[in-house]
Every structure is written in C-alpha cells, then in structure tokens.
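Numbering (UniProt numbering), first residue to last: 1 to 583.
Quick reminder that beta carbons are idealized off the backbone N, C-alpha and C, glycines included.
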C-alpha cells in the first residue's frame, strides 16, 4: 500500500495539509471520498453521531457528509502539547499518525488520523477517529477550571466542607440525578467523571466499604496486568507502587479515591428493584440499607456498573446435589487457610479457577482441577507483559488511551492475532508442558488470543502466575470433565468407577450474562427490550455498553481498568447531555 520513499517527508506537514484540506471539504458539495484510502475506517465517539459508531469503505465519506450539517465540525488542527505527528507501523501498515483537535456544535473534539501514501493519489486517511472531548457549557472542573472552594465571608464558620459532604451523601431532601449500581472501579471512575460535570450522582454497593469488591476476595490476589495501565481518572497511582498491585493495596486506594473525588457512596445497600416512569422520565428504585430500612429513590438515570462478572453462574452438574461436602462459587471464596488439609475439587480452568487452586495448594489443601473445555494460557511475563507494553504506543497514558480508542474492530482483531502469534513463540514450552500433562489449550477463535476472549466471552483464559507449573509438576491434579460420570456423596465419580473423594467443591464457572442481571433487577420486559450486553455488534462496537440503550434511562458500564478510565468520560458526557435535554 505504501511506496518505497513515501514517508521521507515531514510527518507534521503531511498531517497539517490533510487536516486543512479535509476541513475545507466538509462544506456542502465537496467529495469527501478523495481524502480516504480505498480501505478505510471511521470511528466516532459522540462528536458527529452522538453515539459510538464505526463505518468503513464508502460509508465513511457518505456518513461524514450526512452528519456534518448537524455536527458543524470546524477548525481541524494539530493538537498542541500532544504526541507529535510521526511515522508508525500498525498491523503491517505504515502510516503518518497524528493527533488533532476540532470544534463541533456540542463542544470541542479530539481525534487521531492515520494517513497512508496511495500511489498516484497522495496521502489519504486509512483510519479516522473523532471523539467529543469537552462539552460546551460543561468543561470538566480540572486545571484552570477547578473550583475555587466556598466563596463567601463565612470561611471559618460552619457548615464546613465535611458538613456539606455528609449532607450531600445523605440525600435526605433530594434524589440523585444518576444512580450507579456497583462501586468497583467501573462505578467509581464514572462517578468521578460525573462529579466534574456537575451531575449529582450516588453509588450504591452491597459491600460495606469502597474497595471491598477487592478486599474481600481471596487472600493472595494481585492484579494480573501492569500498574501503569490501570490509573483511575484524575488520580494516577503513585510511581512507587509495585508492577502488580496486591488486592488490599488497591482496596485502600479505592477508599481514598471516594474521599478525594467526593463521591457519594452508600455501602451495605442493595438495589432490589427498579421501574421506569415514562411520563416522569425517572426511575423508581428500592434500595435496602444496612439497617433493613428501604429508601425509594427517583433518579433520572440508572447505570448498572456491576461489571462483566455479575450474578454467579452455577451449572447443573450431574449428582452435585448428592455431594455431602461443601459447595461454593469462586466468588464466595476468600482464604485458603480455612481449607488447610482438605481435599478440594475446583471446577473450571479460567483465571479464577487457577488462582483459587493455587491459593488452596499454598495453604496445604489437596487440589484437583476439572477442565470442561480448552483454555487459552499466557504467561504473565513475558507474554502478558508484551500485551501490556503494546498498549503504550505514546509517551503519555493519555495519548496511549486516545490511540487505543482510535483502533477500529478489524484492526483490533488483526492486532490481537499478531500479538497471539508472538505469545505462541514466547510460551511454546509452557503450553507444550501443559498439553503433556493432559491440559487442553487453545489460542482463541482464529488465534485471536485471550484479549478477544475477554471481549466476547468475559473469560476462558488464564494469565499464568504460577499455577501452570503446579499442574505440570502434578502438584495440582487435573481431571477432564468428559472422563467423569458425575458427583456422588463422597466426591466425583470417574468413568472407570473410581471416586475422587472431596471435602469441598469450588465452582469457578463464571457468571451469568448481564442481561440476566437486568431481568432479576428490572423484570423480563426491560431485559428483553435491552437485549444482549457485551460482545461486539456488526460495526465492532460493544453491545449496549457506554451508550444509550433501548430502555430509556438505563445504561451499562464495564470492562478492565483502561476501559473504565476511557469510556467513563464518554458515558459521563452522554448523561450530562441527556439531563440538559430534559430541562
């Protein structure tokens, strides 16, 4: 696609020229297709479409032309203070990559363009990414826009800051505009973003304290990806922190985050049911508090931020109801020290299954893992480390986030396949040893790896932090589910009639779909209207996530730390727009 000397020219000059010509051509009557390569993609987050959309081929120029009269995009220019235009190679395609700014009627935008040299036609856009960055009339309260504090003459009199915070959190005389269900990283990131857009927001969480969703998990847990990818909005982790953050350290940070970002948080509070009032444009939701009392709130919007992992999935396994020992789901597992000396069967070979098995083994339990289907296995180092490093495509995490958002689904998929090919080489000895031990592995659909498994299934992979070696050495046993007949009172009966005796069965069997969570909280009608959640739609956008759904006033947010950090801003701006439109 590129000529041999195509990129010897000045990348900045190339990008400036394209932006100038493109901006001029957005006026009626011009042919925008002249600015795009034959293979091209345009991804937009809110700035032109008001939604999360991706277009390809001839759709790109057609949709830009159709949407420009409403968007009124102008003043396309290189973004000062961001990564300079440069020559990059992504997925085997060399291009000039540039970060730019522009203005739209709704506010200001930020974007990324990748320009390829088309022989005989000059530099054309293969990838265009546009995103709303700041809302007109609602700039984030950061930097020069930060609040001044209490600006009156009673500086040394009450009510002081703490008094005002306690009043805000109580909601005794008002309803929140937005109610977020779930106080993990997803809910906290969104609440922080909404706070800087002057949206009155309340988080409710079944756990008592912020961070308990990590604090109460099994004793040895640490994050499986690098700390520098996991910053929360406005408050990056200290540079002194370890590469892999222990769960209790993260939990404490979340508690501090709630205080520092002035997030209204109700712990020990359960969302019992919600009904939407179409005429009023509000929800009526029942929240059961720690003391057993029920508060009825009427927010305009409800965001379910309970993550990809919501309601534990407990499969019907033959004979399990006859088993006389203890049965728990991995979500309820906390500490292997409680099971020292026990015989334990762990059903499932994803991240949770391996981590639980390793923790049990470290605490003196005898562990057998049961594999139901093949699993993608990658080493935490070097393979997962290579995946983490591949995200850092710019000098700052802010620009890396922007570039990450700019990648359309086909390129994301190809990139995941390329990364998986590298992992195959790096982990070939590990995988071969696992296979020799009877553990079945795969590399995901079309060798797209663990990252695409997460985005499509939410599981089915393991980032190895030591359990693989325990399986290889037979210190942790392995059973293929196909070789078992079912459970008995004593344990798991094999096809040959022998019984693997057990005192405890841990079901590391994943979670029900988020749609089923909606069904439980809001009823069949709402769940059916919303439809499937997570996974990709026909355009390569995640279904019903960080965007308007078919149920008015109902939104979803989930994902890893990077997604929570980047898409929380996208969702927060939409909620602010909806509240403004309803006035």
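- In this structure, the alpha-carbon of residue 450 lies about 10 Å from that of residue 387.
- For residue 181 against residue 199, the beta-carbon gap comes to about 16 Å, at or over 8 Å, which does not count as contact.
- In the three-state scheme derived from DSSP, where H, G and I count as helix and E and B as strand, residue 56 is classed as strand.
- For residue 143 and residue 134, the gap between their C-alpha atoms comes out near 13 Å.
- The DSSP assignment places complete beta strand (DSSP E) segments of no fewer than 3 residues inside the region 44 to 131 at 52 to 56, 74 to 78, 86 to 90, 93 to 104 and 107 to 118, in order along the chain.
- Per the C-alpha coordinates, the member of 241, 381 and 361 positioned closest to residue 465 is 381.
- Only residues of its own chain outside the window of five on either side were considered, and among them 481 have a CB closer than 6 Å to the CB of residue 372, listed in chain order.
- Here residue 522 is not bridged, per DSSP, to any residue.
- For residue 480, the enclosing beta strand (DSSP E) covers residues 477 to 480.
- A residue is called buried when at least 16 other Cβ atoms come within 10 angstroms of its Cβ; residue 273 does not meet this threshold and is exposed.
- Annotated three-state conformation of residue 186 is helix, per DSSP.
- Here residue 582 has 281 and 300 as same chain residues with Cβ atoms under 7 Å from its own Cβ, once five neighbours each way along the sequence are excluded.
- Contact annotation, residue 420 with residue 400: C-beta distance approximately 21 Å; criterion of less than 8 Å not satisfied.
- Beta-bridge partners of residue 579 (DSSP): none assigned.
- By the neighbour-count criterion, in which 16 or more other beta carbons inside 10 Å mark a residue as buried, residue 532 falls on the exposed side.
- Its chain contains 45 and 546 as the residues whose beta carbon lies nearer than 6 Å to that of residue 570, once the 5 sequence neighbours on both sides are disregarded; these appear in chain order.
- Measuring C-alpha to C-alpha distances from residue 24 to each of 423, 141 and 68 identifies 68 as the nearest.
- The region 230 to 237 makes contact with the region 552 to 567: 3 or more CB pairs, one atom from each, lie closer than 8 Å.
- According to the DSSP assignment, residue 162 belongs to the alpha helix (DSSP H) that extends over 161 to 170.
- Around the beta carbon of residue 428, fewer than 16 other beta carbons lie within 10 angstroms, which makes this residue exposed.
- In this chain, the alpha helix (DSSP H) harbouring residue 434 covers 428 to 436.
- In the pairwise beta carbon analysis, the region 355 to 366 is classified as not touching the region 397 to 416: fewer than three pairs are separated by under 8 Å.
- With contacts defined as CB atoms closer than 9 Å, residue 411 and residue 127 qualify as a contacting pair.
- Listed in chain order, the beta strand (DSSP E) runs fully inside the region 245 to 296 are 264 to 266, 270 to 277 and 282 to 288, counting runs of at least 3 residues.
- Here the alpha carbon of residue 119 sits roughly 53 Å from the alpha carbon of residue 509.
- Sequence-distant partners of residue 383 (beyond 5 residues in either direction) whose C-beta falls short of 7 Å from its own C-beta, in its chain, are 423, 426 and 427.
- From the listed residues 159, 89, 385 and 101, the smallest Cα separation to residue 224 is found for 385.
- Classified as exposed, residue 70 has fewer than 16 neighbouring CB atoms from the shown chains inside 10 Å of its CB.
- In the three-state DSSP reduction, residue 371 falls in the strand class (E or B).
- Within the same chain, 504, 505, 506 and 507 come within 8 Å of residue 328 by CB-CB distance, once the 5 residues on both sides are set aside.
- Taking 9 Å as the cut-off, the beta carbon of residue 53 is found closer than this to the beta carbon of residue 63.
- In the DSSP assignment, residue 378 falls within the unbroken beta strand (DSSP E) covering 376 to 379.
- Cβ contact annotation for residue 343 (same chain, cutoff 7 Å, sequence separation greater than five): 366, 501, 502 and 503, in chain order.
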